[in-house]
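What follows is a single structure, written as structure tokens, with notes after it.
In my numbering, the protein residues as written are 81 to 214.
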């Protein structure tokens, strides 16, 4: 499992937002090397996931729904790439070509263990901690 570029862009968008006042996308996209169209695309996904929300009007923009100290890489990854897994066989609708019994397949069990470890690691630190560590 690799983060796609959208997840990277989403983290950069979040780094530029606050919980106090709306921030326009156009105010930081150049500094973050993100096209405005992509920034709006990932912002809509983050909004749909409840991580940020949009404010309309002349002084509108996006606002964090909660502080960066309460948002993890797991939250961002799930908002941007909700169906990304360590192995295709972990998806419910995928049938195994090697073993018809999903519960006894050693490869699936190991893939599930790996996925659980990845999820735990992504949940371990908040974006606030990561940005403060620089």
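Note that the Cβ used here is the ideal one computed from N, Cα and C, for glycine as well.
Pairing residue 103 with residue 97 gives a Cβ-Cβ distance under 8 Å. Taken through DSSP and simplified to helix, strand or coil, residue 206 comes out as strand. Just measuring C-alpha positions, the residue of 107, 148 and 211 sitting nearest residue 139 is 107.
The C-beta distance from residue 192 to residue 170 rounds to 6 Å, short enough to fall under 8 Å. Around the CB of residue 187, fewer than 16 other CB atoms lie within 10 Å, so the residue is classed as exposed. Bridge partners of residue 141 according to DSSP: 135.
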